[in-house]
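Visitor: Got a structure here, written out as structure tokens. Questions coming.
Residue numbers (the numbering used here): 366 to 455.
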């Protein structure tokens, strides 16, 4: 699972940055398409919902999604990792 912020819906209130217990959001620096400063994902690997939702089969945290007044936060399925050839140099 991957957390995404819909920039067309987000108005830049930054409530998600304040409520996230894992500190994955950071206040944004650049305005989005509508002129609002959109939060950015600083440490998405910390999100328990992104990492473990498929394993447990249910939503684990989701505080950011619940607090968002514009419903701009959601999770999408990621494609499985494609195998890649790794070259090790000595």
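Each residue gets a CB set at the ideal place from its N, CA and C atoms; glycine is no exception. A quick note: this is a predicted structure, and the numbers were derived from the prediction, not measured.
State the beta-bridge partners of residue 367 as determined by DSSP.
Guide: The residue labelled residue 367 in the question sits at position 2 within the chain shown. Note: residue 367 sits in a beta bridge opposite 441.
Visitor: What is the rounded straight-line gap between the Cα of residue 392 and the Cα of residue 409?
Guide: The residue given as residue 392 occupies position 27 in the chain shown. The residue given as residue 409 occupies position 44 in the chain shown. Cα to Cα, residue 392 sits roughly 14 angstroms from residue 409.
Visitor: Does the region 394 to 401 come close enough to the region 411 to 421 that 3 or more CB-CB pairs lie under 8 angstroms?
Guide: no
Visitor: Going by Cα to Cα distance, which pick from 378, 385, 419 is closest to residue 367?
Guide: Taking the chain shown and counting its residues from 1, the one referred to as residue 367 is at position 2. Closest option to residue 367, Cα to Cα, is 419.
Visitor: Mark residue 370 as exposed unless 16 or more other C-beta atoms lie within 10 angstroms of its C-beta, in which case mark it buried.
Guide: Walking along the chain shown from the start, residue 370 turns up at place 5. So residue 370 counts as buried.
Visitor: Below 8 angstroms on the Cβ atoms is my contact criterion, and I expect residue 385 with residue 429 to pass it. Report the Cβ-Cβ distance as a whole number of Å.
Guide: Residue mapping note: residue 385 aligns to position 20 of the chain shown, counting from 1. Residue mapping note: residue 429 aligns to position 64 of the chain shown, counting from 1. At roughly 5 angstroms, the Cβ-Cβ gap stays under 8 angstroms, so residue 385 and residue 429 are in contact.
Visitor: Please name the residue, chosen from 407, 433, 425, that lies closest to residue 375 on a Cα-to-Cα basis.
Guide: For the purposes of this step, residue 375 is taken as the residue at position 10 of the chain shown. Residue nearest to residue 375 within the set 407, 433, 425 is 433 (criterion: CA-CA distance).
Visitor: Distance check for residue 387 and residue 373, CA to CA, integer angstroms please.
Guide: For the purposes of this step, residue 373 is taken as residue 8 along the chain shown, with counting starting at 1. For the purposes of this step, residue 387 is taken as residue 22 along the chain shown, with counting starting at 1. One C-alpha to the other measures close to 25 angstroms.
Visitor: What do you get for residue 404, buried or exposed, if any count of 16 or more other CB atoms within 10 angstroms of its CB means buried?
Guide: Translated into the one-based positions of the chain shown, residue 404 becomes position 39. With 16 or more Cβ atoms within 10 Å of its Cβ, residue 404 is classed as buried.
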